[in-house]
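Chains as they are written, first to last, in the working numbering: chain U, 7 to 82; chain F, 4 to 228.
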């Protein structure tokens, strides 16, 4: 099973990287952009997708500072 | 007394840490792949870029064989000091509360900062008095201390914040100017500034020395004879 883990900073935590992106876009003429979050994408082939949440909790993310979403690729 | 300083692949401050420890006692280097703490009285987890800081700072190092022993040592009440990357590793290992996030400036910072001793009631600050100023350098990209507000309140209520950046000296956006915190049992301490780089008058202020002297005095006082 191919899966993707999308990781982003927890809501409410200051994300200066996202702020920089949000400031840079209008400078290029891309207006009307709000609520930018910059995170990380982890792709992996996994035999037992049921273990993905535990992998996320214990290594792939730090639950204190990051939220994650597991997206399983149905075609794989 | 005998300190053990851990060397991970990617550590870079372990020799300075060893030299700083040697000003107050013996100090040996402990290899990350070993499980033997060699009977040390205190462990220092030094600065650097353990395991390349892959994934997140400190995230991989916490699984090193030696860290299992450090966790056991800490749970048994052993003295553990984490400096910079060592602080990040101890947070990831769950031995210290909170986490370290990228500096608000998103830049690597390298400068001397003034720290204020918030609490002298610890093995790491016992040689100081609350309110003392320590001049110690910082050098990091990921040093913004974060914990949820209720956890910050608890840290302050329990007197676990041992060091703060003095007014105007918070270099990284750490919440409540926190520079160093200890665990609830007060035997594990982590800080972003580098006391091991501030022990020799030849190279600048010696604000880091009281940290090592405090540990030595604590261990001497509690030694089983």
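Where is the CB? At the ideal position from N, CA and C, for every residue including glycine.
Taken in chain order, the complete alpha helix (DSSP H) segments of 4 or more residues contained in the segment 48-106 of chain F are 68-78, 88-95. Look at residue 6/F here: in three-state DSSP terms it is strand.
In this structure, the CA atom of residue 67/F is about 6 Å from the CA atom of residue 36/F. Taking all protein chains in view, the Cβ of residue 69/U is surrounded by fewer than 16 other Cβ atoms within 10 Å, so the residue is classified as exposed. Using a Cβ-Cβ cut-off of 8 Å, residue 71/U counts as an interface residue toward chain F, since at least one Cβ of chain F sits closer than that to its own. Residue burial is scored here from C-beta neighbours: residue 75/U has fewer than 16 other C-beta atoms within 10 angstroms and is therefore classed as exposed. Secondary structure at residue 55/U: helix, using DSSP grouped into helix, strand and coil.
When secondary structure is reduced to three states using DSSP, residue 66/U falls in the helix class. At a C-beta separation below 8 Å, residue 19/U has these neighbours in chain F: 104, 149. The criterion of a C-beta distance shorter than 8 Å is not satisfied by residue 9/F and residue 60/F.
Annotation: Cβ neighbours of residue 109/F in chain U (cutoff 8 Å, chain order): 22, 23, 26.
Residue 36/U sits exposed, since fewer than 16 C-beta atoms from the chains shown fall within 10 Å of its C-beta. Short of 7 Å from the beta carbon of residue 72/F, and not among the five residues preceding or following it, lie these beta carbons of its own chain, in chain order: 38, 40. The residues 51, in chain order, have a CB closer than 6 Å to that of residue 15/F in the same chain once the five nearest residues on each side in sequence are set aside. Within the same chain, and ignoring the five residues on either side of residue 212/F in sequence, the residues whose Cβ sits closer than 6 Å to its Cβ are 202.
Within the model, the alpha-carbon separation for residue 185/F versus residue 38/U is close to 44 Å. Annotation for residue 214/F: the continuous alpha helix (DSSP H) segment containing it runs 212-225. Residue pairing by DSSP puts residue 117/F in a beta bridge opposite 138/F.
Beta-bridge annotation (DSSP): residue 194/F is paired with 86/F, 183/F.
Listed along chain F, the residues sitting closer than 8 Å to residue 68/U by beta-carbon distance are 59, 62, 95, 102. Cβ neighbours of residue 19/F within its own chain (closer than 7 Å, five residues either side excluded): 199, 200. Secondary structure of residue 19/F (DSSP, three-state): helix. Ranked by Cα distance from residue 87/F, the options 24/F, 148/F, 165/F, 12/F are led by 148/F. As the crow flies, the alpha-carbon of residue 5/F is around 25 Å from that of residue 122/F.
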